[in-house]
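Chains as they are written, first to last, in the UniProt record's numbering: chain Y, 1 to 329; chain W, 1 to 329. Every residue gets a Cβ at the ideal spot worked out from N, C-alpha and C, and that includes glycine.
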DNA sequence: GGATTTTGAGTAAACGTTTACGCACTTCGT
DNA sequence: ACGAAGTGCGTAAACGTTTACTCAAAATCC
């Protein structure tokens, strides 16, 4: 069995309490014994039993993270950011992937909650009400990343409304007047709604009347992108298209190739996300890059600072990443 | 503060021990009280304090998972598989991403070890000796997935040697006689070595003398693929190329496009991994698909069954996935 | 119906750590 | 040199759960 604080205490000829004080760097102890104890701990290969510590101090340092299985390829970026900051501040992440089945989700969340959690972070997930209720019933802090909710849960994400202005402005400057938005048509999604509104308002700002037909595609999935060309038919009723995720853009790119539509000469593509997927296509995708690592870091910092009030929204940076898929008209 | 077993006991008019027995479904209790207790637990919103439970039963149900940050895009597949099986069997996964800095890695691993871990699973990582020593010093079980080690650590992976036979046979059947292997030239990597050996032996089997120049590229990275064409020069000294990972194949595909080499007419490409990346290229990549989810599930099963003896190697399935990047000569 | 087994449930100790409290001893100020 | 303040450390309780041990009551057997 493992080495405990008592083993160290015995060897050092002092009480377990003293060892604990030294190892946690709390309370009073002499530098001399501290030195000796730390040395012994190292030598004997001591590892704190975190469960015992958690039990003793009622507060835990574990943060639960809910990740959707429908793999968004930026989730790892966010997780990396969280992990980095969590490590820095001495927190632990309990990452859990959510299957699609609701009953399964409920069971998963419940088992997650049996850890005394500091907070639960939802990564770009839209939870069913049933699952959501389980979470809110438990009195743990909640935080949503990369997805704004309309129920008061604080969130961290890009400014989806402003982001669409950035994109539309860019396209307008390049001479584009007919622009389509693909993958943000879901009326129930807060993020999609913000994007649509930003899209429409930005066009209006430039005196362009918004054409409802040019907002299409519920999912921001590869399949949505693939079906885009076929849906509108060639010749396309727009010169540029905005993909609501990199993977949507790749779908459009491939569909264009299949249909003999030249990118960017016949069609310009710009996507939202800017993950490294944009670098491995030919031509390279032009994108607005979201700072996912920053979202992750901010999430942990926010939790650590206890600055989680309902309805708070924190916006992270966004940057234009020109690639080779936007033509100047 | 949270509801405890005692609160339930009080309300039910029985002792905490009985409640525990009922909730863990161990020992003796009557169906009637069980019913009542479970009902109360539900009503009162009880969540087991897992820390206390872990402390009480010395054995923990937490499995540590080490994941490299240099993102291999199949890691999530493996994790998903692990998660699914872990949930099934009542285990928990503590997933930790490893930064590149060794000192940082050591600290990370140490903090991981302060949880009483059932086992530590390494996901396709090659650890520095220093980090490795920390792991072996702690008396926890170790298991390596998707990467064979030469130090006795049991592992789960595809049969890399046999896999190269599968690939070479396939290419040979399509008429290819000059074949290159890209991204497996690292002499220190056990996996790369197995692949090289399989490659060479498979060629020999068909009476083809192995040309050392055609094994090139240390990393299985995008960059390696990108530089391949330039490295060999056009016309290429081979008709088919094996990418040691999908991402390498994509690099080769893009470089070929840039160099005016037609795929598959002038060059056939086949990759190892078969992740969904192969579906989003044009043409679609032909690949041998590894069953990553299976690796993950098996890892957990193996740990659960305690069948972890040193030097054990478990092979998972591999399947040929024809795409559009291999031509028949 | 008496002896024996089975059942349901309580008691108490244990897991390893933290921490409030208290005590003896040292240091310091005057 | 005497009281006050400070320092180092030990004692013991607490955190919530599990489990070996008991024991009384109920069920079973012949």
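**Report entry** Under 9 Å between C-beta atoms of residue 282(W) and residue 73(Y)
**Finding:** no
Query raised in the report: For residue 182(Y), which residues from the same chain have a beta carbon less than 7 Å from its beta carbon, with the 5 sequence-adjacent residues on both sides left out?
Result: 216, 217, 224, 225, 228, 241, 242, 243, 244, 248 and 252
Query raised in the report: Using a Cβ-Cβ distance under 9 Å, would residue 135(Y) count as near chain W?
Result: no
Requested in this report: Note the first and the last residue of the continuous alpha helix (DSSP H) segment covering residue 291(Y).
Outcome: First-last for residue 291(Y): undefined, no H or E at that position.
Requested in this report: Reducing DSSP to helix, strand and coil, say where residue 7(W) ends up.
Outcome: helix
Requested in this report: Can you tell me which of the three DSSP states residue 128(W) falls into?
Outcome: coil
Query - Cβ pair residue 197(Y), residue 237(Y) closer than 9 Å - result: no
Report task. Could you tell me whether any Cβ in chain Y is nearer than 9 Å to the Cβ of residue 69(W)? Result -> yes
Requested in this report: Starting from the beta carbon of residue 61(Y), find every residue of chain W whose beta carbon is closer than 9 Å, and list them in chain order.
Outcome: In chain order: nothing, as chain W lies at least about 10 Å away.
Query raised in the report: Under three-state DSSP, which class holds residue 118(W)?
Result: strand
Requested in this report: Please specify which runs of the alpha helix (DSSP H), each continuous and at least 4 residues long, are wholly inside the region 57 to 96 of chain W, giving them in chain order.
Outcome: 75 to 89
Query raised in the report: Does the distance from the C-beta atom of residue 121(W) to that of residue 106(W) stay below 9 Å?
Result: no
Query raised in the report: Mind checking residue 130(W): buried by the 16 CB within 10 Å criterion, or exposed?
Result: exposed
Query raised in the report: Name the DSSP bridge partner or partners of residue 141(Y)?
Result: 119(Y)
Requested in this report: Could you tell me whether the region 273 to 291 of chain W touches the region 122 to 141 of chain W, using the rule of 3 or more Cβ pairs below 8 Å?
Outcome: no
Requested in this report: Tell me whether residue 111(W) sits in a helix, a strand or coil according to DSSP, three-state version.
Outcome: helix
Query raised in the report: Looking only at its own chain, which residues have a Cβ that is under 8 Å from the Cβ of residue 293(W), when we skip the five neighbours before and after it?
Result: 77, 78, 80, 81 and 84
Report task. Examine chain Y for any beta-carbon lying closer than 9 Å to the beta-carbon of residue 258(W), and answer yes or no. Result -> yes
Query raised in the report: Checking contacts by CB at 9 Å: is residue 166(Y) closer than that to chain W?
Result: no
Requested in this report: Work out the CA separation of residue 21(W) and residue 55(W) for me, nearest whole Å.
Outcome: 17 Å
**Report entry** chain W contacts from the region 18 to 48 of chain Y (Cβ-Cβ distance under 8 Å)
**Finding:** 45, 47 and 48
Query raised in the report: Taking the Cβ atom as the reference point for each residue, do residue 320(Y) and residue 157(Y) lie within a distance shorter than 9 Å?
Result: no
**Report entry** Candidates 8(W), 188(W) and 86(W): closest to residue 300(W) by CA position
**Finding:** 86(W)
Requested in this report: Check the Cβ-Cβ distances between residue 278(W) and every residue of chain Y, and say whether any is below 9 Å.
Outcome: no
Query raised in the report: On the three-state DSSP scale, how would you describe residue 188(W)?
Result: coil
Report task. Measure the alpha-carbon distance for residue 201(W) versus residue 165(W) and round it to whole angstroms. Result -> 8 Å
Query raised in the report: At least one CB of chain W closer than 9 Å to the CB of residue 50(Y): is that the case?
Result: yes
Report task. Check the DSSP bridge columns for residue 271(W) and list the partner residues they point to. Result -> 243(W) and 287(W)
Report task. Find the residues of chain W that neighbour residue 138(Y), judging by a C-beta separation of less than 8 Å, and give them in chain order. Result -> 45 and 47
Query raised in the report: Could you give the C-beta distance for residue 324(Y) and residue 284(Y), rounded to a whole number, given that I count them as a contact under 8 Å?
Result: 5 Å
**Report entry** Whole-angstrom C-beta distance between residue 69(W) and residue 98(W), which should lie under 8 Å
**Finding:** 6 Å
**Report entry** Integer-rounded CB distance, given that residue 96(W) should sit under 8 Å from residue 66(W)
**Finding:** 6 Å
Requested in this report: Give me whichever residues DSSP pairs with residue 213(W) in a beta bridge.
Outcome: Answer is none; residue 213(W) lacks a bridge partner.
**Report entry** Ordered list of alpha helix (DSSP H) runs contained in the region 139 to 177 of chain Y, each at least 4 residues
**Finding:** 160 to 173
**Report entry** With 16 other Cβ atoms within 10 Å as the buried cut-off, status of residue 206(W)
**Finding:** exposed
**Report entry** Whole-angstrom C-beta distance between residue 132(W) and residue 168(W), which should lie under 8 Å
**Finding:** That pair is no contact at about 33 Å.
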